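Count along the sequence shown starting at 1, add 1178, and that's the number in the numbering used here.
Note that the Cβ used here is the ideal one computed from N, Cα and C, for glycine as well.
These numbers were taken from a predicted model, which means no experiment stands behind them.
Here the structure comes first, spelled out in structure tokens, and everything after it is commentary.
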Amino acid sequence: DPPEHTRLKSLVNRGFTPKAMRMLEEHFREVAVQLIDEALQESSLDFVDRVSAELPLIAIAELVGIPVEDRRKVFHWSNTMIGTTDPDFAGSPDDATTAAAELYMYSNELAAQRKINPKDDIITTLISEHDGDVLSEHEFDLFMLLLAVAGNETTRNGISHGVLAMIENPDQWTKLKGDTSHVTTAVEEILRWGTPVNNFRRTATCDVDLHGVQIKEGDCVTMLYPSANRDAAVFADPFKFDITRNPNPHVTFGGGGPHFCLGANLARLEMRILFEEMAKRIDGIELTGEVRKLRSSFIHGIKTLPVKLTPQ
């Protein structure tokens, strides 16, 4: 909470503003088009591995200052830390600890390089002095973990859930192909529908009565985002996937306020560009195998999404 939260978040906020995102749009669009065109050359592919994971990994690597050729290291560490209860990613609880330690060591190596050769990236910003204040090594490491993991994991799963929703609701895919002006509301509906993060926990700072429920100071409160995003008191026909839904007050990025998701603008940009270019280039999306979900109470993830894409 403030003032410590304000101090830390202000260090990186400017790298994720709408203005900063607009400057990146053309480049991200080029990346998205290349990924889609390469995918269209395959008879069948895992959309998660080839497309959903790649765009966010490239984007966060370039923003943070991680060499793009190392993005698959981030992919591996992220999967291991998030997938602690999934046998495909974490053989034991120690694996997640090892992955975090490897990410910290890697991040500290990059920080040492930036002290010698500063660049226009978030790593350089994080290790620089601001009003006489410098992040500790521990604070820097945790920032890198947050940016590297949250910056790719959630968007990857948002994209994957969006593609799966289009497969399961072909009328909505037809609607988007026919009019790409729906892409903005489509992205918001995908975020509501897919809800990549299942829950977060907060600690009450004071006694409060919420809809007749007594919450005491110090009580732990778990927020279940998929439940909120299907609240019939808020959303008409909440179990219908509708890319024209408007308004769409989902809480996928949080409920506003100081803890609203730092990367919301980046995630929306990546998803808007990707689904817009897909709608222009891809006619049909067909499942060719089993969709495998992540075994996790925290992340609503898709591990594999085998598909066949038909070009327009």
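Candidates the options: which alpha carbon is nearest residue i's?
i	options	result
Phe1453	Phe1267, Leu1369, Ile1393 and Asn1191	Leu1369
Asn1347	Lys1471, Phe1419 and Asn1335	Phe1419
Glu1317	Lys1297, Ala1289, Pro1296 and Ile1480	Ala1289
Thr1358	Ile1460, Leu1202 and His1428	Ile1460
Thr1333	Ala1457, Ala1231 and Leu1472	Ala1231
Phe1225	Val1312, Asn1424, Arg1379 and Val1341	Val1341
Lys1187	His1437, Asp1397, Met1201 and Asp1409	His1437
Glu1142	Leu1402, Asp1311, Lys1197 and Gly1356	Only positions 1179 to 1490 of the chain appear in this structure, which leaves residue 1142 out of reach.
Tyr1403	Asp1215, His1478 and Pro1271	His1478
Ser1405	Leu1472, Val1429, Gly1310 and Val1327	Val1429
Who are the Cβ neighbours of residue i in its own chain at under 7 Å, not counting the five residues just before and after it?
i	result
Ala1274	Thr1258, Met1259, Thr1262 and Ala1268
Ile1421	Gln1350, Lys1353, Leu1354, His1360, Thr1363, Ala1364 and Glu1367
Take the Cβ of residue i as the centre, count every other Cβ of all protein chains shown within 10 Å, and call the residue buried at 16 or more, exposed below.
i	result
Gly1434	exposed
Met1344	buried
Val1413	In the sequence as presented, Val is not what sits at residue 1413; that position holds Phe. Phe1413 should be labelled buried.
Arg1249	buried
Leu1378	The sequence as given places Phe at residue 1378; Leu does not occur at that position. Under this definition Phe1378 is an exposed residue.
Glu1315	exposed
Ser1221	exposed
Ala1279	exposed
Ala1338	This sequence places Ser at residue 1338; Ala is not what is there. By the neighbour-count rule (16 or more Cβ atoms within 10 Å), Ser1338 is buried.
Cutting at 8 Å between CB atoms, please list the residues of its own chain near residue i, excluding the five before and the five after it.
i	result
Ile1300	Val1190, Gly1193, Leu1241, Val1242, Gly1243 and Leu1325
Ile1393	Ala1382, Asp1385, Val1386, Asp1387 and Val1399
Pro1296	Thr1302 and Ser1306
Leu1329	Here residue 1329 is Gly; the residue named in the question, Leu, does not match the sequence. Closer than 8 Å at Cβ, skipping near neighbours: Pro1234, Ala1237, Ile1238, Leu1241, Val1242, Gly1441 and Leu1444.
Short check: CB of residue i to CB of residue j, under 7 Å?
i	j	result
Lys1486	Glu1464	yes
Pro1489	Thr1466	no
Pro1374	Gly1432	no
Residues in the same chain with beta-carbon distance under 6 Å from residue i, minus the five sequence neighbours each way, listed in chain order, please.
i	result
Leu1170	This structure leaves residue 1170 out entirely; the chain is present only between 1179 and 1490.
List, from N- to C-terminal side, the alpha helix (DSSP H) runs of 4 residues or more that fit wholly inside the segment 1194-1239.
1196-1218
Write down every uninterrupted run of the alpha helix (DSSP H) in the segment 1370-1448 whose length is 4 residues or greater and which is fully enclosed by it, in chain order.
1403-1406
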